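Following the numbering used here, the numbering of the sequence shown begins with 2 at its first residue and continues without gaps.
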Amino acid sequence: MFRKFRDYLRLKRQSLVFRLLFYFVLSMVVVAFILAFNFSSRIKPHLKNDLLPNLARYIE
């Protein structure tokens, strides 16, 4: 029973649809990491110049 299931998974892994889906999901993960890195590097100067001095003024 498990051997048939293993063979089924091996055939499914080798199929074109599974490969395309895998590469699509992998590329979406890479794009998400790139966008998160760009967003974090873009918001750091704004955080440093605008939010932190205002926060320090409110604390004092």
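For each residue, glycine too, the CB sits at the ideal point set by N, CA and C. Please read these numbers as outputs of a predicted model, since none were measured by experiment.
Whole-number beta carbon distance between LYS13 and PHE6, since they are thought to touch under 8 Å: With 8 Å as the limit, PHE6 and LYS13 do not qualify as a contact, their Cβ atoms being about 10 Å apart.
Backbone CA spacing between VAL26 and PRO46 [nearest angstrom]: Near 32 Å, if we compare the C-alpha coordinates of PRO46 and VAL26.
Look at the alpha carbon of LEU21 and the alpha carbon of PRO54, and state the distance between them as a whole number of angstroms. Straight-line measurement puts the Cα of PRO54 at about 49 Å from the Cα of LEU21.
Taking only beta-carbon positions, decide if LEU12 is within less than 9 Å of chain B. Protein chains in the displayed structure number just one, and chain B is not present.
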